[in-house]
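Report on the following structure.
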Amino acid sequence: MTDADVPVQFGSGGTVDFTPPTGLSIIVWVIGLGMVAFGLFNGFLSLIEENMATLGVSGCFAVPGCLLVIWMTPTRLQKQFDKIRREEKPRDFLIRAESGGTTGSFWTGKYSTTPAKDDRGWIFQAPGPEHWDKEDRYSADEMGILPEHPTVVGTPTPAAISALGIFGSIIALYSVPVTIVLVTLGIAIPYGDDGEAVIKTLLICGPVIGSFGFWLVSWKTGTQMQLTIDVPTSKVRSMAAGELELVGQVRRWASPAPDVQVGGDPARTVSDLHSWHWMYEIYLRRTRVVMTDEGPRTETEYRWETIHDRRGGHPFLLHDGTGGVLVKPETFEEQNLGDYMRMWEVDHNQTIINALGSLITTTFGGWTILKHKWTLWGLSLGDPVYLLGKATNRPKGEMADEHITSRAQHTLMHVIGESGVNFDARMERGSELGVLGRVRSQIEYKLIPGIIAAGALAGTYLAFVNY
Numbered sequence: 001m002t003d004a005d006v007p008v009q010f011g012s013g014g015t016v017d018f019t020p021p022t023g024l025s026i027i028v029w030v031i032g033l034g035m036v037a038f039g040l041f042n043g044f045l046s047l048i049e050e051n052m053a054t055l056g057v058s059g060c061f062a063v064p065g066c067l068l069v070i071w072m073t074p075t076r077l078q079k080q081f082d083k084i085r086r087e088e089k090p091r092d093f094l095i096r097a098e099s100g101g102t103t104g105s106f107w108t109g110k111y112s113t114t115p116a117k118d119d120r121g122w123i124f125q126a127p128g129p130e131h132w133d134k135e136d137r138y139s140a141d142e143m144g145i146l147p148e149h150p151t152v153v154g155t156p157t158p159a160a161i162s163a164l165g166i167f168g169s170i171i172a173l174y175s176v177p178v179t180i181v182l183v184t185l186g187i188a189i190p191y192g193d194d195g196e197a198v199i200k201t202l203l204i205c206g207p208v209i210g211s212f213g214f215w216l217v218s219w220k221t222g223t224q225m226q227l228t229i230d231v232p233t234s235k236v237r238s239m240a241a242g243e244l245e246l247v248g249q250v251r252r253w254a255s256p257a258p259d260v261q262v263g264g265d266p267a268r269t270v271s272d273l274h275s276w277h278w279m280y281e282i283y284l285r286r287t288r289v290v291m292t293d294e295g296p297r298t299e300t301e302y303r304w305e306t307i308h309d310r311r312g313g314h315p316f317l318l319h320d321g322t323g324g325v326l327v328k329p330e331t332f333e334e335q336n337l338g339d340y341m342r343m344w345e346v347d348h349n350q351t352i353i354n355a356l357g358s359l360i361t362t363t364f365g366g367w368t369i370l371k372h373k374w375t376l377w378g379l380s381l382g383d384p385v386y387l388l389g390k391a392t393n394r395p396k397g398e399m400a401d402e403h404i405t406s407r408a409q410h411t412l413m414h415v416i417g418e419s420g421v422n423f424d425a426r427m428e429r430g431s432e433l434g435v436l437g438r439v440r441s442q443i444e445y446k447l448i449p450g451i452i453a454a455g456a457l458a459g460t461y462l463a464f465v466n467y
């Protein structure tokens, strides 16, 4: 690939990234902005009037509005990637666009859903099987290095501040008064039935537990994203033993991946998955009578319950156009396979496992089963893959069984999910661009969530002191 062939070079994200969504999503986004504006205006009036109770109530509008805007606002990179996909039309993008959606009918009670969009798929065109070397799968492609390799397109870095930072700062400002309002409400609720006890506990403990949980998750994500940005990506043909970062395409090893039967049903068989995860859930309903001050009342509850959760994988070659290296996915404890690739739903009265229904119902103490759902995530043949792992020498017996004659360094090693010092091994579906599509600055990952958690803790303390 020549410099003239390089389509885009990604680099600095600039200072501010505030990118409105497109399509119908912008309606929800505007509603969120309206909630924020209403909360801020009333909060300003509350400060003038020195009415702290009203300030907390205004925050109950501003905080959900901020969360809604943060959720609905894409990064500049995401919109840029979507534009490139529509122009480049990579193979998996076309397949998803043409086959995505829900099939099934109300009359059969059976549905199958495939997402029409894939944020972890290829952004630029990747070579199909017709371009892979069938004789020597480890050798370089005639087309050269993948167009989406970080050494070709660069590594994007986030803007200093985005919607997460702007509206997260507003949440941080409201964290104390909103927490005071919620915790005070929780303290005031008398101990009653189980439902009231749950609500009381959520109101009192929810702000602190939720904010600290978000801080820990955000801190871990920020550390991972910074590692992805900082660690240079190796080319397979020149890789060395030890810890490294690789980006490439999933290709078949000496043996094909065995078929995966989701839930053990041949009708839900999927081929060519080199790392997979499926989950079986049931949708439950329970109606019960509870006593209130006004007398008995009927309550209906719904919930999903996970019955089975299975994972597996099969060795594959990571090929970046310069060469291929063997990867052992089962050694990677931390994996991110992106959005689900397929989901099946069956009404309980239509499924052939009705015979087991009574057993499950009895187990769950009177809950009625309404639906069954199987969800599948997977890393397929031809998919982009990103990993941080460790390259070590392959067992000689394995190489002899494969009849490898090449003495190239990358054919003598395999990559496993072994962590090092300040280096957590992980494997993700997607190229480095896909992994960094929603990347934020370290301020937004670590500082702002920490301020929110501290505010929630302070608000909880003040609520108990002043009650």
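Going by my numbering, the first residue of the sequence shown is number 1, and it counts up by one from there.
A virtual CB, placed ideally from N, CA and C, is assigned to each residue, including glycine.
Note that the structure is a prediction, hence the values are computed from the model and not measured.
- Judged by their CB atoms, GLY338 and ARG268 are not nearer to each other than the 8 angstroms cut-off.
- With contacts defined by Cβ atoms closer than 8 angstroms, TRP344 and SER112 form a contacting pair.
- For PHE423, there is no enclosing alpha helix (DSSP H), as DSSP marks it with neither H nor E.
- Between ALA257 and LEU273, the CB-CB gap stays under 8 angstroms.
- Taking all protein chains in view, the Cβ of PRO395 is surrounded by fewer than 16 other Cβ atoms within 10 Å, so the residue is classified as exposed.
- Excluding the 5 residues flanking it on each side, ALA97 has same chain C-beta neighbours closer than 7 angstroms at ALA116, in chain order.
- Looking at the backbone, the Cα of TYR445 and that of LEU67 are separated by about 15 angstroms.
- Distance from GLY366 to GLN249 at the Cβ level is roughly 51 angstroms; contact not present, criterion being Cβ atoms closer than 8 angstroms.
- Taking all protein chains in view, the Cβ of ASP309 is surrounded by fewer than 16 other Cβ atoms within 10 Å, so the residue is classified as exposed.
- Residue environment analysis places ILE448 among the buried positions, since at least 16 neighbouring C-beta atoms fall within 10 angstroms of its C-beta.
- Judged by pairs of C-beta atoms under 8 angstroms, the segment 319 to 330 touches the segment 140 to 157, as three or more such pairs exist.
- A Cβ-Cβ distance of about 20 angstroms is found for the pair LEU284 and ILE199, leaving them out of contact under the 8 angstroms criterion.
- Here GLY32 is buried: its Cβ has 16 or more other Cβ atoms, across all protein chains shown, within 10 Å.
- Cβ neighbours of LEU387 within its own chain (closer than 6 angstroms, five residues either side excluded): LEU246, MET427.
- Residue pairing for LEU273: DSSP places it in a beta bridge opposite SER380.
- Each of ASP424, THR103, LYS373 was checked against the Cα of HIS348, and the nearest Cα belongs to LYS373.
- Looking at VAL270, VAL178, LYS390, THR201, the one whose alpha-carbon comes closest to that of PRO64 is VAL178.
- With respect to the C-alpha of SER105, the residue from VAL346, GLY165, SER431 having the closest C-alpha is VAL346.
- Collapsing the DSSP output to three states places PHE124 in coil.
- Under the Cβ criterion (8 angstroms, minimum of three pairs), the segment 37 to 55 does not count as touching the segment 76 to 85.
- Assigned with DSSP and collapsed to three states, GLN9 falls in coil, not helix or strand.
- The beta-carbon separation of VAL57 and THR460, rounded to 18 angstroms, does not stay under the 8 angstroms limit for a contact.
- Going by DSSP, ARG91 is part of the alpha helix (DSSP H) stretching over 91 to 99.
- Excluding five sequence positions before and after GLY186, the CB atoms of its chain that fall closer than 6 angstroms to its own CB belong to LYS200, LEU203, ILE204, given in chain order.
- Rounded to the nearest whole angstrom, the C-alpha separation of GLY13 and MET291 is 57 angstroms.
- Between GLY222 and ILE443, the alpha-carbon positions lie close to 9 angstroms from each other.
- Burial is judged here by how many other beta carbons sit within 10 angstroms of a residue's own beta carbon; SER406 has fewer than 16 and is exposed.
- Taking the Cα positions, ILE123 is about 21 angstroms away from MET72.
- Taking all protein chains shown into account, ILE171 has 16 or more neighbouring C-beta atoms within 10 Å of its C-beta and is therefore buried.
- In the DSSP assignment, LEU317 falls outside any alpha helix (DSSP H) and within the unbroken beta strand (DSSP E) covering 316 to 319.
- The three-state secondary structure of MET225, taken from DSSP, is helix.
- With contact defined as three or more Cβ pairs closer than 8 angstroms, the segment 292 to 306 and the segment 226 to 240 are not in contact.
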